[in-house]
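What follows is a set of notes on a single structure, which appears directly below.
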Amino acid sequence: MTTTAPPPTAPPQKTRTVTRPGDRIFSGLSRGSGIFLLVVMAAIAIFLTYRAVQAISKDHGNFLTTFEWNASLNPPVFGVAVLAYGTVVSSIIAMLIAVPIAVGIALFITHYAPRRLGGPIAYVIDLLAAVPSIVYGLWGALFLVPHLRGLNLWLDKYFGWTYIFHKQDPNSAPRSLFTVGILLAIMILPIITNVSREVIRQVPRMHEEAALALGATRWEVIRLSVLPFARSGIISASMLGLGRALGETMAVATVLSASPQLSGHILDPLGGTFSQNIVAKFGEADEFGRDALIASGLVLFIITLLVNGAARIIIQRRKEYSGANA
Amino acid sequence: MKLQRKNGLRALTVGAVAVTGALVLTACGSDNNSSSNSTPSASASAGGSTTSSSANASGISCATGQVLASGSTAQQNAIEAWVKNYQQACSGASINYKPSSSGEGIVDFNQGTDAFAGSDSPLKPEEVASSKKVCAGGTGIDLPMVGGPIAVGYNLPGVNNLVLDATTLAKIFNSQITTWNDAAIKKLNPGVNLPSTKIQTVHRQDESGTTDNFTKYLKGAAPAAWPYEHAKAWAGKGGQAAAKSSGVAGLVKQTAGSIGYFELSYATASSIPTVKINTGAPQPVEATSANASAGIASAKVVGTGADLSLDLSGAYTTKAANAYPIVLVTYEIACDKGNKASTLPLTKSFLNYIASSQGQGMLSSAGYAPLPTEIATKVQSAITALS
Numbered sequence: 001m002t003t004t005a006p007p008p009t010a011p012p013q014k015t016r017t018v019t020r021p022g023d024r025i026f027s028g029l030s031r032g033s034g035i036f037l038l039v040v041m042a043a044i045a046i047f048l049t050y051r052a053v054q055a056i057s058k059d060h061g062n063f064l065t066t067f068e069w070n071a072s073l074n075p076p077v078f079g080v081a082v083l084a085y086g087t088v089v090s091s092i093i094a095m096l097i098a099v100p101i102a103v104g105i106a107l108f109i110t111h112y113a114p115r116r117l118g119g120p121i122a123y124v125i126d127l128l129a130a131v132p133s134i135v136y137g138l139w140g141a142l143f144l145v146p147h148l149r150g151l152n153l154w155l156d157k158y159f160g161w162t163y164i165f166h167k168q169d170p171n172s173a174p175r176s177l178f179t180v181g182i183l184l185a186i187m188i189l190p191i192i193t194n195v196s197r198e199v200i201r202q203v204p205r206m207h208e209e210a211a212l213a214l215g216a217t218r219w220e221v222i223r224l225s226v227l228p229f230a231r232s233g234i235i236s237a238s239m240l241g242l243g244r245a246l247g248e249t250m251a252v253a254t255v256l257s258a259s260p261q262l263s264g265h266i267l268d269p270l271g272g273t274f275s276q277n278i279v280a281k282f283g284e285a286d287e288f289g290r291d292a293l294i295a296s297g298l299v300l301f302i303i304t305l306l307v308n309g310a311a312r313i314i315i316q317r318r319k320e321y322s323g324a325n326a
Numbered sequence: 001m002k003l004q005r006k007n008g009l010r011a012l013t014v015g016a017v018a019v020t021g022a023l024v025l026t027a028c029g030s031d032n033n034s035s036s037n038s039t040p041s042a043s044a045s046a047g048g049s050t051t052s053s054s055a056n057a058s059g060i061s062c063a064t065g066q067v068l069a070s071g072s073t074a075q076q077n078a079i080e081a082w083v084k085n086y087q088q089a090c091s092g093a094s095i096n097y098k099p100s101s102s103g104e105g106i107v108d109f110n111q112g113t114d115a116f117a118g119s120d121s122p123l124k125p126e127e128v129a130s131s132k133k134v135c136a137g138g139t140g141i142d143l144p145m146v147g148g149p150i151a152v153g154y155n156l157p158g159v160n161n162l163v164l165d166a167t168t169l170a171k172i173f174n175s176q177i178t179t180w181n182d183a184a185i186k187k188l189n190p191g192v193n194l195p196s197t198k199i200q201t202v203h204r205q206d207e208s209g210t211t212d213n214f215t216k217y218l219k220g221a222a223p224a225a226w227p228y229e230h231a232k233a234w235a236g237k238g239g240q241a242a243a244k245s246s247g248v249a250g251l252v253k254q255t256a257g258s259i260g261y262f263e264l265s266y267a268t269a270s271s272i273p274t275v276k277i278n279t280g281a282p283q284p285v286e287a288t289s290a291n292a293s294a295g296i297a298s299a300k301v302v303g304t305g306a307d308l309s310l311d312l313s314g315a316y317t318t319k320a321a322n323a324y325p326i327v328l329v330t331y332e333i334a335c336d337k338g339n340k341a342s343t344l345p346l347t348k349s350f351l352n353y354i355a356s357s358q359g360q361g362m363l364s365s366a367g368y369a370p371l372p373t374e375i376a377t378k379v380q381s382a383i384t385a386l387s
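Sequence lines, in order, name chains B and R.
Take 1 as the starting number for the first sequence in full-length UniProt numbering and just add one per residue.
Take 1 as the starting number for the second sequence in full-length UniProt numbering and just add one per residue.
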């Protein structure tokens with residue numbers, strides 16, 4: 001262990017930096033914008049919390065454990081249990097389907113596809129992101145739902161023993177959390193694919209060439225040098241997708257057969273999500289009903305915060321072991 | 001490094017707060033009916049020309065100006081047709097009906113942004129109380145205007161003529177009768193070859209006046225079989241939920257063995273067969289405009305003073321020949337006294353037109369039902385008295 005002598009420290013420079021009016025104005029403006037954003041956020045948070053607290057204090061059910069949502073009843077009874085469960089479950093299904101496919105597409109575009117094919121594929125993926133969610137909903141309700149019947153029956157027959165894939169009434173139309181999950185997967189595919197693709201492009205060429213020089217096959221190159229380097233980026237991409245899946249409204253409202261029931265059978269047409277419930281109840285809601293819906297929106301807000309926070313922690317941990325610091 | 005990372009984390013958290021906040025905000029934001037109540041110039045001209053005495057060729061006595069209205073989507077098609085006709089006949093009149101929902105219509109009306117509101121159900125007592133704030137010296141009143149049958153559509157290959165009664169309907173929609181060849185259904189349909197398939201009931205996922213009126217009927221006509229109170233949110237057991245009437249009709253069309261309820265126009269548009277109701281009349285009654293008008297004729301006016309809100313329970317249990325029992329009546333809501341001077345002439349003139357025999361005559365072609373003459377006459381005199 002050889003210690004290199006520290007380089008002679010340069011004498012601290014005493015020259016005053018010149019500040020011109022432009023500098024001061026610009027820094028003031030940008031600081032002002034930052035503060036403005038925080039003030040707006042605080043105002044929104046205070047308003048939402050105030051309205052939500054008013055609604056929750058008059059709730060005759062337990063806000064966290066009640067299944068039904070009947071804010072127009074006298075006395076009102078409503079709770080978010082079914083909504084929270086449905087939101088989380090449908091998003092998990094969407095992630096399980098979308099993330100592997102998205103990473104696969106990203107790797108195909110960057111490493112396998114000939115250049116002539118990679119461009120058009122990336123373009124088509126971008127197009128998926130441009131479709132409005134109500135169109136996804138209509139497509140889901142009119143095309144996907146009738147065509148998923150076979151898959152549902154197959155899952156029920158061969159995997160019904162897992163409890164999850166058991167279908168209580170095989171005849172019921174498959175307008176379930178599972179179908180919603182598939183639809184959400186298609187909707188979040190482009191965002192995960194695009195971000196992953198960009199991250200994978202950032203992998204230093206030297207890493208890959210070094211691996212190739214050591215005799216690694218293409219798969220081994222991806223496994224040993226590309227994926228470890230891109231892992232934290234892919235997780236970030238997935239979290240962006242998850243954010244969209246958690247908040248998706250119209251597509252879920254059109255496809256799901258909502259009912260205030262909580263069940264582990266994901267093929268049964270029941271359940272609900274936060275945004276779906278808001279869009280279903282908002283139209284006929286009176287002042288109090290709207291407050292109650294705002295309260296449910298706050299819960300979604302908190303869930304999203306928790307999920308994002310958890311993702312950040314994972315990324316921070318992973319960074320230590322990945323090539324990202326190299 | 002550690003410090004920097006922490007700052008980064010904090011910045012990201014703030015960013016996340018901002019993004020999710022924006023999402024929540026957009027999800028909850030109500031689109032405000034923010035266009036101004038009526039422009040000063042329009043109100044000035046409206047104030048000048050009160051119902052011009054010379055009725056024009058179309059028989060409409062015109063007024064000019066601009067009114068805003070909003071509310072029930074159930075009467076949307078009727079209002080749109082009326083507005084088109086009225087504006088063609090009367091230049092200088094602009095009526096803007098925003099089909100949001102009955103609930104929003106009443107909220108808008110009580111905030112003073114609407115000249116009149118459309119609603120599937122009459123004002124509740126607390127809503128009447130708060131209407132006193134916008135109606136100087138008066139209150140909001142319910143004017144029955146658009147009637148209509150709620151059709152029960154089904155999808156049963158091979159069966160084109162299905163008869164049910166209130167009790168059977170209630171049991172089907174509460175999952176007490178679960179197969180199409182149930183003894184109760186067989187008894188009502190002698191000689192029909194009913195399949196043994198399971199019944200898939202379809203109801204509304206969103207809260208709606210249609211659900212409210214349909215469950216009012218079930219409760220009114222079959223209280224023993226329908227244990228729930230009527231409500232805008234579906235209370236029955238089992239079945240699938242779909243968004244809006246179009247969603248229910250679409251699902252019934254798509255699913256063999258299904259049954260659902262929606263306004264007649266959706267059944268006609270998607271050519272879905274509708275259930276004939278055995279009311280105790282000599283013949284089972286079909287859901288048609290004329291039959292619905294006959295059903296509404298059994299309704300009683302229960303509103304006090306100028307208010308004309310209806311009690312439809314007579315219609316639910318009617319045994320008259322060709323009177324269809326599952327009906328709804330939507331209201332226009334306006335102030336009896338204390339309407340804004342700027343919008344009163346046009347509001348009055350327009351409401352007069354739609355309550356007239358000419359206006360009501362247009363309803364049946366759109367799947368609605370015109371008001372019976374007796375009720376229409378009362379509505380007309382109430383409109384004439386608006387001030």
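The beta carbon of each residue, even a glycine, is placed where N, CA and C say it ideally should be.
Taking 8 Å as the cut-off, decide whether the C-beta atoms of residue i and residue j are in contact.
{"i": "tyrosine 368(R)", "j": "serine 119(R)", "result": "no"}
{"i": "valine 221(B)", "j": "alanine 211(B)", "result": "yes"}
{"i": "threonine 215(R)", "j": "alanine 231(R)", "result": "yes"}
{"i": "serine 91(B)", "j": "leucine 293(B)", "result": "no"}
{"i": "glutamine 240(R)", "j": "alanine 173(B)", "result": "yes"}
{"i": "histidine 203(R)", "j": "tryptophan 226(R)", "result": "no"}
{"i": "valine 82(B)", "j": "proline 269(B)", "result": "no"}
{"i": "lysine 237(R)", "j": "asparagine 171(B)", "result": "no"}
{"i": "glycine 92(R)", "j": "valine 327(R)", "result": "no"}
{"i": "lysine 348(R)", "j": "leucine 386(R)", "result": "yes"}
{"i": "leucine 306(B)", "j": "glutamate 248(B)", "result": "no"}
{"i": "alanine 382(R)", "j": "leucine 308(R)", "result": "yes"}
Rounded to the nearest angstrom, how far is the Cβ of residue i from that of residue j, given a contact under 8 Å?
{"i": "residue 440(R)", "j": "tyrosine 154(R)", "result": "As shown, chain R starts at 1 and ends at 387. That puts residue 440(R) outside it, with no answer to give."}
{"i": "alanine 237(B)", "j": "valine 199(B)", "result": "7 Å"}
{"i": "glutamine 205(R)", "j": "alanine 243(R)", "result": "5 Å"}
{"i": "glutamine 202(B)", "j": "histidine 265(B)", "result": "Not confirmed; about 43 Å, so no contact."}
{"i": "isoleucine 191(B)", "j": "isoleucine 97(B)", "result": "14 Å between Cβ atoms; not a contact."}
{"i": "alanine 261(R)", "j": "valine 152(R)", "result": "According to the sequence as given, residue 261(R) is tyrosine; it is not alanine. Contact flag correct, Cβ pair sits at about 5 Å."}
{"i": "alanine 222(R)", "j": "threonine 167(R)", "result": "4 Å"}
{"i": "threonine 201(R)", "j": "isoleucine 259(R)", "result": "6 Å"}
{"i": "serine 265(R)", "j": "asparagine 77(R)", "result": "7 Å"}
{"i": "glycine 65(R)", "j": "threonine 384(R)", "result": "About 19 Å separates the two Cβ atoms, so there is no contact after all."}
Go through its chain and collect everything with a Cβ distance to residue i's Cβ below 7 Å, but skip five positions before and after it.
{"i": "phenylalanine 159(B)", "result": "Phe165"}
{"i": "valine 103(B)", "result": "Ser196 and Ile234"}
{"i": "alanine 376(R)", "result": "Ala355 and Gln360"}
Would a check of beta-carbon distances place residue i closer than 8 Å to chain B?
{"i": "lysine 198(R)", "result": "yes"}
{"i": "glutamate 104(R)", "result": "yes"}
{"i": "serine 207(R)", "result": "For the record, residue 207(R) in the displayed sequence is glutamate; it is not serine. True, the Cβ-Cβ gap to chain B drops below 8 Å."}
{"i": "residue 390(R)", "result": "With chain R running from 1 to 387 in the structure shown, residue 390(R) is simply not present."}
{"i": "leucine 162(R)", "result": "no"}
{"i": "alanine 385(R)", "result": "no"}
{"i": "threonine 215(R)", "result": "no"}
{"i": "glutamine 75(R)", "result": "no"}
Note down, in chain order, each residue of its chain lying with its Cβ closer than 8 Å to the Cβ of residue i, except the 5 sequence neighbours on either side.
{"i": "histidine 60(B)", "result": "Pro75, Pro76 and Val77"}
{"i": "isoleucine 315(B)", "result": "Ser232, Ile235 and Ser236"}
{"i": "lysine 319(R)", "result": "Thr279, Gly280 and Ala281"}
Which residues in the same chain as residue i place their Cβ atom closer than 6 Å to its Cβ, once the five residues preceding and following it in sequence are excluded?
{"i": "glycine 112(R)", "result": "Val134"}
{"i": "tyrosine 324(R)", "result": "Pro149, Val285, Ala287, Asn291, Ala292 and Gly295"}
{"i": "alanine 55(B)", "result": "Asp291, Ala292 and Ala295"}
{"i": "methionine 187(B)", "result": "Tyr136"}
Please tell me whether residue i has its Cβ less than 8 Å away from any Cβ of chain R.
{"i": "alanine 129(B)", "result": "no"}
{"i": "lysine 167(B)", "result": "no"}
{"i": "histidine 31(B)", "result": "As written in the sequence, residue 31(B) is arginine, which differs from the histidine given in the question. Answer no: the Cβ-Cβ gap between arginine 31(B) and chain R never drops below 8 Å."}
{"i": "serine 263(B)", "result": "no"}
Whether or not the segment 335-354 of chain R and the segment 132-146 of chain R are in contact is what I'm after, with contact meaning three or more pairs of Cβ atoms, one per stretch, closer than 8 Å; do they touch?
Verdict: yes, contact present.
Should the segment 56-75 of chain R be called in touch with the segment 96-113 of chain R, which here means at least 3 C-beta pairs below 8 Å?
Below 8 Å, enough C-beta pairs join the segment 56-75 of chain R and the segment 96-113 of chain R to call them touching: three or more.
Would you call the segment 144-158 of chain B in contact with the segment 121-135 of chain B, where contact means no fewer than 3 C-beta pairs closer than 8 Å?
Contact fails: fewer than three Cβ-Cβ distances are below 8 Å.
Between the segment 275-283 of chain B and the segment 250-258 of chain B, are three or more C-beta pairs nearer than 8 Å?
Yes, the segment 275-283 of chain B touches the segment 250-258 of chain B.
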